[in-house]
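2 protein chains.
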Amino acid sequence: MNKQSIKLSVDAVVFGYEEGNISVLLIKRKYAPYKGKWAIPGGFVLNNESLEEAVERELHEETGIKISYLEQLYTFGNPSRDPRGRVVSIAYFGLVRPNAFQIFASTDAEQAQWFDIKELPELSFDHREILDIAIKRLQGKITYEPIGFELLDKKFPFSDLEKLYTTLLGRDIDRRNFRKKIVGLNVLDELDEKISKGSGRPAILFKFNQKRYFQLKKEGIIFEI
Amino acid sequence: MNKQSIKLSVDAVVFGYEEGNISVLLIKRKYAPYKGKWAIPGGFVLNNESLEEAVERELHEETGIKISYLEQLYTFGNPSRDPRGRVVSIAYFGLVRPNAFQIFASTDAEQAQWFDIKELPELSFDHREILDIAIKRLQGKITYEPIGFELLDKKFPFSDLEKLYTTLLGRDIDRRNFRKKIVGLNVLDELDEKISKGSGRPAILFKFNQKRYFQLKKEGIIFEI
DNA sequence: ACAAAAGTGTTTTCTATACACCCATGG
DNA sequence: CCATGGGTGTATAGAAAACACTTTTGT
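Top line first, the protein sequences correspond to chains A and B. Position 198 (the first sequence) corresponds to 198 in UniProt numbering; numbering is contiguous. Position 46 (the second sequence) corresponds to 46 in UniProt numbering; numbering is contiguous.
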């Protein structure tokens, strides 16, 4: 019988959102292959760790950020996807507020950096394909799950949530209808605080009702905007 | 550096539908571990084949059936899921008409058999968990995709499609509203043929308009019954 | 007072749901 | 002629979409 010599890796596609821009966290590879090229953070799975542990560890090692919830995206196994030999990679997917983390490169990464998803550099391996699938998933999620908790500040004006949705959907939405729908979900708590953005009427701040938010996620709302 | 010694396998969860019953194809294991126990068909990935090739090959070897489209379900990587050592398994998912295939066990399988999903035997490894996730996916699919093409005969009366939906949803649906909705999707072509089921008015036969069907799948309709 | 962003209701349209009787055939 | 399953339309309620002016602040 042919001895199997397949290696297993994990990759973490981490999206951030800030003021109308969606970005993704990439690292510059320190070693060959693709030395000096940008790539999705990730690396080989160790013998005794779960896949989730592996992806969190690799992400932390290479970029300094620690995320406790990464969702499995897809497993990529094309035999020629890695020039070093057969490497099957399980890709994960996460959302964060970029400004809530300080990123710093280490181990296999020479550099770690946020890239706007509309201005991506050339990527290593089949990482462009992985990223494309992740972007599709991100845009798909919005229709069957509430989104925003992981991407917005703790306290935020309604307009931030609205801008997030217009950015992810790539089109304008009606402010009144949107507000009605979100309010109807009971997922936001209104605070006794306002924020002023220099000019214009100050906005009331909201926060997500965490319990209700995760309940909706679990139930899987269908949510057409 | 610690040399990685993880093995990679694939598993194929194949669902069948026949006259109001959903079944799944299982094999009885010929070798240890779990010798003589039922399991989801699958096995190790070879060095030079893609994951899709591997899962189709294993399914064919163990059960005799050949399916060209299996969808990736999830990757299971719990370090203790296999008593032989670290085995990560990529599970796939497919739908067929059981009566369109003749099943016969071979290679690692002592027997291959359809089981009603309400009367499952004890399963090997973490296959019960895999199957539960697959069943959830099957039930979820129905709300965002048309379904039935792979599960019904080429030509079928409307009532067959209706019964499939009631079975998958686990509840009754309104015959008139259901028909309206399906007809509205333009996914069925009416044939000039009828079928009689012994007593009662003969039913007009339909077939799926394949082009339209796969177009809807791709677009991803949201389809509440 | 004006510029800039936040906040708010009503009307219309569409979609989902509820609901019951007639039709065609076999025995 | 009766038992059995197949086929059909309409009315109502609820949800989504379209739509524009007023409020509050900073300058």
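Glycine included, C-beta positions come from ideal geometry on N, C-alpha and C.
Item	Value
With 16 other Cβ atoms within 10 Å as the buried cut-off, status of F104 of chain B	exposed
Beta-carbon neighbours of Y74 of chain A, restricted to chain B and to distances below 8 Å	Q72
Three or more C-beta pairs below 8 Å linking the stretch 87-104 of chain B and the stretch 54-71 of chain B	yes
V187 of chain B: contacting residues in chain A (beta-carbon distance under 7 Å)	Within 7 Å Cβ-Cβ: nothing; V187 of chain B doesn't reach chain A, min ~20 Å.
For E58 of chain A: DSSP bridge partner residues	DSSP, once it has assigned bridges, lists no residue as partnering E58 of chain A.
Within chain A, partners of E49 of chain B - CB distance below 8 Å	P79
Beta strand (DSSP E) segment containing N21 of chain A, residue limits	N21 to R29
Same chain, Cβ closer than 8 Å to I6 of chain B, five either side skipped, listed in chain order	R86, V87 and V88
Start-end ranges of the beta strand (DSSP E) lying completely within the stretch 57-113 of chain A, minimum 3 residues	71-76 and 87-96
C-beta atoms of L51 of chain B and V10 of chain B nearer than 8 Å	yes
CA-to-CA distance, K207 of chain B to L188 of chain B, given in whole angstroms	6 Å
Cross-chain neighbours of L59 of chain B in chain A, by beta carbon under 7 Å	Result: empty, since nearest Cβ-Cβ is about 16 Å, beyond 7 Å.
According to DSSP, residues forming a beta bridge with I222 of chain A	I222 of chain A is not bridged to any residue.
8 Å Cβ shell around S23 of chain A - same chain, five flanking residues per side excluded	F15, G16, Y17, P98, W114, F115, D116 and I117
Residue range of the unbroken beta strand (DSSP E) whose run includes R9 of chain B	Checking the displayed sequence, the identity of residue 9 of chain B turns out to be Ser instead of Arg. Counting along the chain, the beta strand (DSSP E) containing S9 of chain B begins and ends at K7 to E18.
Beta carbon proximity, V87 of chain A to chain B, threshold 8 Å	no
For I195 of chain A: DSSP bridge partner residues	A:A203
Three CB pairs or more closer than 8 Å across the stretch 30-39 of chain B and the stretch 216-224 of chain A	no
Segments assigned alpha helix (DSSP H), at least 4 residues, entirely inside the stretch 133-167 of chain A	none
Nearest to I67 of chain B (by Cα), restricted to the options B:G77, B:A100 and B:L73	B:A100
Segment limits, beta strand (DSSP E) that includes G170 of chain B	Segment: none, G170 of chain B is in no beta strand (DSSP E) and carries neither H nor E.
Presumed contact (8 Å Cβ cut-off) between F125 of chain A and D82 of chain A, rounded CB distance	6 Å
Contacts that I222 of chain A makes with chain B (C-beta to C-beta distance below 7 Å)	I222
Collapsed DSSP secondary structure at E190 of chain B in the structure displayed	strand
Pairwise C-alpha distance: E49 of chain A and N21 of chain A	35 Å
C-beta contact flag for N186 of chain B and R212 of chain B at 8 Å	yes
Burial state of G198 of chain A, where buried means 16 or more other Cβ atoms lie within 10 Å	exposed
Of the listed residues A:I135, A:Q4, A:S106 and A:I27, nearest to Y74 of chain A (C-alpha basis)	A:I135
Three-state class that DSSP yields for F178 of chain A in the structure shown	helix
Cα-Cα separation, L161 of chain A to K155 of chain A	11 Å
Nearest-angstrom Cβ-Cβ length linking T63 of chain B and P41 of chain B, presumed shorter than 8 Å	5 Å
Between the CA atoms of D108 of chain A and Y31 of chain A - distance to the nearest angstrom	7 Å
Within chain B, partners of I90 of chain A - CB distance below 9 Å	T75, G77, V88 and I90
Counted within 10 angstroms of its Cβ, other Cβ atoms place I204 of chain B as buried (16 or more) or exposed	exposed
Nearest candidate by alpha-carbon position, reference S106 of chain B, set B:R179, B:K180, B:R171 and B:R29	B:R29
F149 of chain A and R179 of chain A closer than 8 Å at C-beta	no
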